[in-house]
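Numbering (the numbering used here), first residue to last: 3 to 219. No residue lacks a Cβ here, since even glycine has one placed at the ideal position from N, Cα and C.
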Ligand code: DX5
Ligand code: ZN
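Written out as structure tokens, the structure is:
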């Protein structure tokens, strides 16, 4: 699955941008929520998610919460039409409760781990998460370079998923482009966030096709 991050879209024309990227073959809209507290940048909240739904966007919206605290944002995004909500476990006091809040609201839930965050956060929630997101850059900004040590981490999480016997999606986020998407897929990722590599290109379809071609090799 290809999940374009609208962080790199033209915010002044967001509805059109999302329509365009879905028409270009995107599977999911990746929605980066930053609060200038958990991460040193500020983006958009649930009102923008609701606005996209009202505009007619029916594609799944994958909300990546880079906020602290998280529970009030989870409630707002459930109401605003989020399909998937992930958050960073160190940003909430009660990880299991926050996951359950998402599930009870009818959305898919998941944890996000930063490049240096240990995998043990996953140990007791493998029976609950629908998705695991591994950051391959430090969160806060688009357009950063992929951190190579993430590949080993993807392999380790893929093993944990296999052991769990559950069909948990493994998403990778940060610095993904056509030249490295294959390495991430071979390590075990099956959902790929790409912001600048899609929205900074003149032709979104061409950018997405180039990634799919690498995945099909
Ligand atoms: C970073 C965000 C990413 C970011 C990816 O904090 O979580 O989703 O937009 O952007 P690129 O693909 O440009 O690294
Ligand atoms: Zn993200």
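Please name the residue or residues paired with residue 173 in a DSSP beta bridge.
Note: residue 173 sits in a beta bridge opposite 135 and 193.
Taking the alpha carbon of residue 121 as the point to measure from, which residue in 209, 154 and 201 has its own alpha carbon closest?
The option with the nearest alpha carbon to residue 121 is 154.
Which word fits residue 11, buried or exposed, when buried means at least 16 other C-beta atoms lie within 10 angstroms of its C-beta?
Burial call: buried.
Following a CB-centred definition, is residue 193 positioned closer than 7 angstroms to any heavy atom of the ligand DX5?
Residue 193: no, Cβ never under 7 angstroms from the ligand DX5.
Between the alpha carbons of residue 4 and residue 213, how many angstroms are there, rounded?
Each residue's alpha carbon lies about 8 angstroms from the other.
Quick one: Cα of residue 142 to Cα of residue 33, how far?
Roughly 13 angstroms between the two C-alpha positions.
Sorted by chain position, which residues of the same chain lie with C-beta nearer than 7 angstroms to residue 45's C-beta, five sequence neighbours on each side aside?
Around residue 45: 9, 34, 35 and 36.
Quick check on residue 34: does DSSP put it in helix, strand or coil?
Residue state, collapsed to three classes: strand.
Using C-beta distances below 8 angstroms, list every residue in its chain close to residue 162, excluding the 5 sequence neighbours before and after it, in chain order.
These residues qualify, in order along the chain: 121, 124 and 128.
Mapping DSSP to helix, strand and coil, what is residue 143?
Correct three-state label for residue 143: coil.
Does DSSP put residue 3 in a helix, in a strand, or in coil?
Three-state result, residue 3: coil.
Is residue 45 helix, strand or coil when you go by DSSP?
Correct three-state label for residue 45: coil.
Comparing the CB of residue 127 with every heavy atom of the ligand DX5, is any distance shorter than 7 angstroms?
Flag unset: Cβ of residue 127 not near the ligand DX5.
CB-CB under 7 angstroms to residue 206, same chain, minus the five flanking residues each way: which ones, in chain order?
For residue 206, where only same-chain residues beyond five positions count, the Cβ hits under 7 angstroms are 22, 23, 26 and 200.
Does the ligand DX5 have even one heavy atom less than 7 angstroms from the beta-carbon of residue 136?
It does not: the Cβ of residue 136 is nowhere closer than 7 angstroms to a heavy atom of the ligand DX5.
To the nearest angstrom, report how far apart residue 173 and residue 132 are at their CA atoms.
One C-alpha to the other measures close to 11 angstroms.
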